[in-house]
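Written out below as structure tokens is the structure these notes cover.
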Amino acid sequence: MTTTRTSRGLDKTVASATDAVADIPDGATLAVGGFGLCGIPSVLIQALLDQGTTDLRVVSNNCGVDDWGLGLLLGAGRISKMTASYVGENKEFERQFLSGELEVELVPQGTLAERLRAGGSGIAAFFTRAGTGTQMAEGGLPQRYDGAGGLAQTSAPKEVRTFPTDSGPREFVLEEAIHADFALVHAATADRQGNLVFNKSARNFTPQAAMAGRVCIAQVEQLVEPGELDPDQIHLPGVYVHRVVEVGPDIEKRIEKRTVTPPVTEGGA
Numbered sequence: 001m002t003t004t005r006t007s008r009g010l011d012k013t014v015a016s017a018t019d020a021v022a023d024i025p026d027g028a029t030l031a032v033g034g035f036g037l038c039g040i041p042s043v044l045i046q047a048l049l050d051q052g053t054t055d056l057r058v059v060s061n062n063c064g065v066d067d068w069g070l071g072l073l074l075g076a077g078r079i080s081k082m083t084a085s086y087v088g089e090n091k092e093f094e095r096q097f098l099s100g101e102l103e104v105e106l107v108p109q110g111t112l113a114e115r116l117r118a119g120g121s122g123i124a125a126f127f128t129r130a131g132t133g134t135q136m137a138e139g140g141l142p143q144r145y146d147g148a149g150g151l152a153q154t155s156a157p158k159e160v161r162t163f164p165t166d167s168g169p170r171e172f173v174l175e176e177a178i179h180a181d182f183a184l185v186h187a188a189t190a191d192r193q194g195n196l197v198f199n200k201s202a203r204n205f206t207p208q209a210a211m212a213g214r215v216c217i218a219q220v221e222q223l224v225e226p227g228e229l230d231p232d233q234i235h236l237p238g239v240y241v242h243r244v245v246e247v248g249p250d251i252e253k254r255i256e257k258r259t260v261t262p263p264v265t266e267g268g269a
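Under UniProt numbering, the first residue of the sequence shown carries the number 1, and numbering increases by one thereafter.
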């Protein structure tokens with residue numbers, strides 16, 4: 001799928017989510033934006049589910065919940081490896097991991113964001129303090145179980161070096177950049193050239209995920225013409241975005257857990 005040049009310039013719009021994900025093959029690596037269920041590309045995920053794509057290697061902060069977001073792909077057995085920071089909202093995730101059906105790479109949240117950003121910035125690797133002195137650096141973290149209570153695969157040791165700091169010499173662990181075949185992201189507004197604007201906390205990991213994808217597909221609630229967005233308000237420039245599909249503002253949005261204050265009754269709480 002290619003973008004087209006029209007009188008409006010470089011037009012990256014695609015007619016539907018189905019068309020946008022049509023060339024994502026089995027075995028692809030995906031970088032997916034979102035935090036919990038906030039700012040997830042739910043329409044693109046559903047289109048990928050409907051398409052039947054399988055053996056996906058997904059990089060995202062978490063894997064949705066059992067019946068929404070990336071949890072839909074997981075529940076259908078379409079994800080073979082998950083690289084994430086948090087996996088505690090999905091019971092099917094736990095079952096697949098412990099049964100040996102799913103490979104899991106756990107990454108500290110800040111490290112995950114920086115690995116994605118590095119992938120889109122031409123940075124091969126970087127050193128960080130996060131994870132030093134733990135299995136994150138020393139190796140041995142469970143990545144796949146054998147289905148019988150034993151480990152089939154663990155993480156490998158990483159390079160650790162000592163650097164001077166203001167508080168003296170400290171150890172740092174080497175982390176490699178993440179590169180994905182495709183990135184799936186959600187934005188509040190986009191123009192036809194792929195410049196994106198996010199809504200508050202729905203921004204979360206999305207710019208980094210978008211940067212890491214060799215092909216970035218963005219579902220957007222509102223599509224405007226080039227020049228309508230204030231350049232100073234653009235959160236992600238269109239150079240990182242290859243396809244834009246308008247899904248409208250009325251798409252279903254969920255939260256993991258609804259917490260509300262009990263109503264106050266007459267005469268007391």
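C-beta atoms are modelled at their ideal positions from N, C-alpha and C, and glycine is treated no differently.
Please report the Cβ distance between residue i and residue j, rounded to the nearest whole angstrom; I am assuming they are in contact, meaning their Cβ atoms lie under 8 Å.
i	j	result
glycine 75	leucine 37	The pair is not a contact, with the Cβ atoms about 15 Å apart (cut-off 8 Å).
threonine 132	glutamate 171	5 Å
valine 241	alanine 20	Incorrect: roughly 11 Å between the Cβ atoms, too far for contact.
phenylalanine 182	valine 160	Between valine 160 and phenylalanine 182 the Cβ distance is about 33 Å, and since that is not below 8 Å, they are no contact.
alanine 28	leucine 49	That pair is no contact at about 14 Å.
glycine 238	isoleucine 178	Not quite, the Cβ-Cβ distance comes to about 22 Å (not below 8 Å), so this is no contact.
Hey, could you find the ends of the beta strand (DSSP E) residue i is sitting in?
i	result
phenylalanine 126	125–128
leucine 30	29–32
glycine 168	168–176
alanine 188	180–191
glutamine 153	151–154
threonine 132	First-last for threonine 132: undefined, no H or E at that position.
Here's the rule: buried if 16 or more other CB atoms are within 10 angstroms of the residue's CB, otherwise exposed. What is residue i?
i	result
glycine 191	First, the amino acid is wrong: residue 191 is aspartate here, not glycine. Looking at its Cβ environment, which holds 16 or more other Cβ atoms inside 10 Å, aspartate 191 is buried.
leucine 116	buried
glycine 39	buried
isoleucine 79	buried
isoleucine 165	First, the residue type needs correcting, since residue 165 is threonine and not isoleucine in the sequence shown. That one is exposed.
glycine 77	exposed
glutamine 193	buried
In whole angstroms, give me the CA-to-CA distance for residue i and residue j.
i	j	result
leucine 73	valine 260	30 Å
histidine 186	glutamate 89	21 Å
alanine 22	alanine 15	12 Å
alanine 113	threonine 265	45 Å
phenylalanine 126	phenylalanine 163	13 Å
glycine 248	leucine 141	42 Å
Does the count of Cβ pairs from the region 203–223 and the region 39–47 closer than 8 Å reach three? yes
Contact between the region 20–39 and the region 191–210: three or more CB pairs below 8 Å? yes
Report yes or no: do the region 84–103 and the region 123–140 share at least 3 C-beta pairs separated by less than 8 Å? no
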